[in-house]
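**Student:**
Number of protein chains: 2
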Amino acid sequence: MEKLKQRILSEGKNLGNGILKIDSVINHQVDSTLMLEAGAEFARRFADTRPTRILTAEVSGIIPAMATAYAMGVPFVYARKHKPVTMQEPVFVEFAPSHTKGGTVSLMVSPEFLAAEDRVLIIDDFLATGNTIAAMARIIESAGATLVGIGTLVEKSFETGRAALAHLNVPIESLVIIEAMSDDGRIQIRA
Amino acid sequence: MEKLKQRILSEGKNLGNGILKIDSVINHQVDSTLMLEAGAEFARRFADTRPTRILTAEVSGIIPAMATAYAMGVPFVYARKHKPVTMQEPVFVEFAPSHTKGGTVSLMVSPEFLAAEDRVLIIDDFLATGNTIAAMARIIESAGATLVGIGTLVEKSFETGRAALAHLNVPIESLVIIEAMSDDGRIQIRA
Chain A
1 MEKLKQRILS EGKNLGNGIL KIDSVINHQV DSTLMLEAGA EFARRFADTR PTRILTAEVS
61 GIIPAMATAY AMGVPFVYAR KHKPVTMQEP VFVEFAPSHT KGGTVSLMVS PEFLAAEDRV
121 LIIDDFLATG NTIAAMARII ESAGATLVGI GTLVEKSFET GRAALAHLNV PIESLVIIEA
181 MSDDGRIQIR A
Chain B
192 MEKLKQRILS EGKNLGNGIL KIDSVINHQV DSTLMLEAGA EFARRFADTR PTRILTAEVS
252 GIIPAMATAY AMGVPFVYAR KHKPVTMQEP VFVEFAPSHT KGGTVSLMVS PEFLAAEDRV
312 LIIDDFLATG NTIAAMARII ESAGATLVGI GTLVEKSFET GRAALAHLNV PIESLVIIEA
372 MSDDGRIQIR A
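Which chain is which? The protein sequence lines are A and B, in order. Residues 1 to 191 in our numbering are what the first sequence spells out, letter by letter. Residues 192 to 382 in our numbering are what the second sequence spells out, letter by letter.
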């Protein structure tokens, strides 16, 4: 997606250790118009998968998931990392090691919002190691639902996410693919 | 907003102690279409305030803020509760006691996304005690920016939020106002 690529090239900051700061577009300040365009692009790419529900993880995944859900006319569910007082037992829970936060994050989804007959499209902001997305895929499996695709705004192809998710055997679409982030601060994006 | 009111009446659950569970609409599963309609309604109500930026707090505030920002054609910023590795010092930080989570939450905003010349509209999911919104108003004040209005999806008028925010002297708009949540599980909404 050319517009997102240009924004990352002009505003993204390579903080080293593979950490990309795109706080002006998605991770702190958000360009809603650009995100709704990204949602429409995911809807186009995943039209054939006919999802009934979109799953993402709080916090930043909510933004592209909302845009995609709107474009596809289906609800989205965001896995909670902290259990709110309104979340009642039992829940589906999985754990994922976090590269950017350190430690392990828990992801929780209420069974009332993930049914065995659901066809689920996972949408998230980043595809890096794939750990968070793999945890969401396990939740979908626990629910007996069907994973139909994985879409992310930004993939870091120099990490191992795509290979780690290959066994899920679903289409993986990323709107921007970063091939390298060198120590001199450059960000190399696939043409 | 009639449609949101009907959804709360049909799907909302009164969990006691003033806690409303609307997990099927906004706090876990999200109806993006309804939320974009809510954003358009906020845009209509706050058109005269001419905001340059919308401020909200993660997690659930992101949803109505994104919808409103899209409708008004301005960026939105979500105050972070946990400092991500991409957030660089210095930051504006304020603290708010949390009714639903217990303890105190911290809210952090990068100065690069809140300038003295900004006219800021606060959008959030709930207006209850007003503590979180008051903390956001203090961040706006620290930045030397101008608060122009406060919009929430759901206000619990039996809590003290509106009175606690009155000194800010800006319009406060809530799309649904809940007047009482009785111990027998009823939810009474203002007509």
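The beta carbon of each residue, even a glycine, is placed where N, CA and C say it ideally should be.
1. Below 8 Å on C-beta distance, what does GLU249 of chain B contact in chain A?
2. Could you give the first and the last residue of the continuous alpha helix (DSSP H) run that contains GLN197 of chain B?
3. To which residues of the same chain is ALA116 of chain A closer than 8 Å at the C-beta, ignoring the five residues directly before and after it?
4. Does the region 193-203 of chain B come within contact of the region 212-228 of chain B, defined as at least 3 CB pairs closer than 8 Å?
5. Contact check, THR86 of chain A vs LEU318 of chain B under 8 Å by CB: the rounded distance?
6. Going by C-alpha distance, which of A:ILE54, A:LYS21, A:VAL30 and A:ILE187 is nearest ASP118 of chain A?
7. Suppose you measure from the CA of PHE267 of chain B to the CA of ALA382 of chain B; what does that come to, to the nearest Å?
8. Are the C-beta of PHE304 of chain B and some C-beta of chain A separated by less than 7 Å?
9. Mind checking which residues open and close the alpha helix (DSSP H) that includes HIS37 of chain A?
10. How about ILE314 of chain B and THR247 of chain B: are their beta carbons less than 7 Å apart?
11. How about GLY321 of chain B and GLY352 of chain B: do their beta carbons lie closer than 7 Å?
12. Starting from SER333 of chain B, follow the alpha helix (DSSP H) in both directions and report where the run begins and ends.
13. Here's a check: name, in chain order, each residue in its chain whose Cβ is nearer than 6 Å to the Cβ of GLY262 of chain B, leaving out the five neighbours to either side.
14. Quick check on the DSSP output: the alpha helix (DSSP H) that includes LEU162 of chain B runs from which residue to which?
15. Please report the distance separating the alpha-carbon of LEU175 of chain A from that of GLU58 of chain A.
16. Interface residues of chain B around PHE76 of chain A at Cβ under 8 Å?
17. In the structure shown, what three-state DSSP assignment does MET257 of chain B receive?
18. With the cut-off set at 7 Å, would you say PHE46 of chain A and GLN220 of chain B are in Cβ contact?
19. Closest Cβ-Cβ distance between LYS212 of chain B and chain A: below 7 Å?
**Tutor:** The relevant details are as follows:
1. Think of a sphere of 8 Å around the beta carbon of GLU249 of chain B: the chain A residues whose beta carbon falls inside it are GLU58 and VAL59, in chain order.
2. 193-202
3. ALA143, GLY144 and ALA145
4. A contact between stretches requires three or more CB pairs, one per stretch, nearer than 8 Å, and the region 193-203 of chain B meets this requirement with the region 212-228 of chain B.
5. In fact, because the Cβ distance is near 17 Å, the residues do not count as touching under 8 Å.
6. Looking from the CA of ASP118 of chain A, the closest CA among A:ILE54, A:LYS21, A:VAL30 and A:ILE187 belongs to A:ILE54.
7. 31 Å
8. yes
9. The question names His, but residue 37 of chain A is Glu in the sequence shown. Start and end: 32-45.
10. yes
11. yes
12. 322-333 is the extent of the alpha helix (DSSP H) around SER333 of chain B.
13. The sequence given here places Ala at residue 262 of chain B; Gly does not occur at that position. Around ALA262 of chain B: GLY230, ALA231 and ALA234.
14. Nothing in the structure corresponds to residue 162 of chain B, since chain B is present only between 192 and 382.
15. Rounded to whole angstroms, LEU175 of chain A to GLU58 of chain A spans 20 Å at the Cα level.
16. By Cβ distance, chain B contributes GLN220, VAL221 and SER223.
17. helix
18. no
19. yes
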